[in-house]
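Note that my numbering has the sequence shown beginning at 132, numbered continuously upward. Note that beta-carbon positions come from the ideal geometry of N, C-alpha and C, so glycine has one too.
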Amino acid sequence: MKKNLITVITLALVVVNLVLTVILTITILPETQKANELITKVCSAIDLDLESGSATSNANIPIDQIEVYNIDDEQTINLKQDGDGKDHFAMLTVSISMDTKNSDYKDLKPQVEEKVNLIKGDINNIVSQYTIDEIKNNQSAVQDEILKDLQKMFGSDFIVAVGFPTAQYQ
132 MKKNLITVIT LALVVVNLVL TVILTITILP ETQKANELIT KVCSAIDLDL
182 ESGSATSNAN IPIDQIEVYN IDDEQTINLK QDGDGKDHFA MLTVSISMDT
232 KNSDYKDLKP QVEEKVNLIK GDINNIVSQY TIDEIKNNQS AVQDEILKDL
282 QKMFGSDFIV AVGFPTAQYQ
């Protein structure tokens, strides 16, 4: 009789263990899936951060394939107010790097020279949206925004980078 009682108690403990395992699995599995989604989002954000700096992959373009067009005039641009009550401005010279092997280069390069005043206006509009601290701390974001705007303006990605050879902020 004692042998049957021990068998029944063992069977009951096995069933209780199985039920508790199922409950733990049901409660932990959704949290694990949420953690995996969070990890995936963080990894994708890190990849995006590593790819920032240019809208196209100009790292793969050889230096002898890039032509730099310098906008001659230094632009003085009023910056957005940052709450300190002072007017701030940026004095910039801008250079545009173009891929000479791009299929649109020959057709669009003359338009870059013709539309320099339109380009300056776009640069002015974009830079003036930033405060002095924002532009000092993240100049590459401003350059990327200008690059994307120029690529959209010309409908091509033959422009591969925008730079500020000289930049002063006050």
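Exercise for the section: Classify Q274 as buried or exposed, calling it buried when 16 or more other Cβ atoms lie within 10 Å of its own Cβ. Expected result: Under this definition Q274 is a buried residue.
Practice task
Following the continuous alpha helix (DSSP H) through L278, name the residue where it begins and the one where it ends.
Solution key: Element bounds for L278: Q270 to F285.
Practice task
Express the C-alpha separation of A272 and V147 in angstroms, rounding to a whole number.
Solution key: Going by the C-alpha atoms only, they are around 59 Å apart.
Exercise for the section: Might you give, ordered along the chain, the residues of its own chain that have their beta carbon closer than 7 Å to the beta carbon of I192, omitting 5 neighbours on each side? Expected result: Cβ within range, chain order: D230 and V291.
Practice task
Please determine if the region 237–249 and the region 261–269 are in contact, where contact requires at least 3 C-beta pairs separated by less than 8 Å.
Solution key: No contact exists between the region 237–249 and the region 261–269.
Practice task
List the DSSP bridge partners of T207.
Solution key: T207 pairs with M222.
Handout entry: Straight-line gap, V243 to I250 (C-alpha atoms, nearest Å)
Key = Cα to Cα, V243 sits roughly 8 Å from I250.
Practice task
Determine the contact status of S228 and G294, defining contact as a CB-CB distance below 9 Å.
Solution key: It is a contact, given that the beta carbons lie within the stated cut-off.
Practice task
Take D266 and list the residues in its own chain whose beta-carbon comes closer than 8 Å to its own, dropping the five residues that flank it on each side.
Solution key: At residue 266 the sequence reads Ile, which differs from the Asp that was named. Apart from sequence neighbours up to five positions away, the residues of its chain that approach I266 with a beta-carbon distance below 8 Å are L210, A221, V258, V273 and Y300, ordered along the chain.
Handout entry: Beta-carbon contacts of D253 that lie in its chain and below 6 Å, excluding the five residues immediately before and after
Key = Only D280 meet the Cβ criterion.
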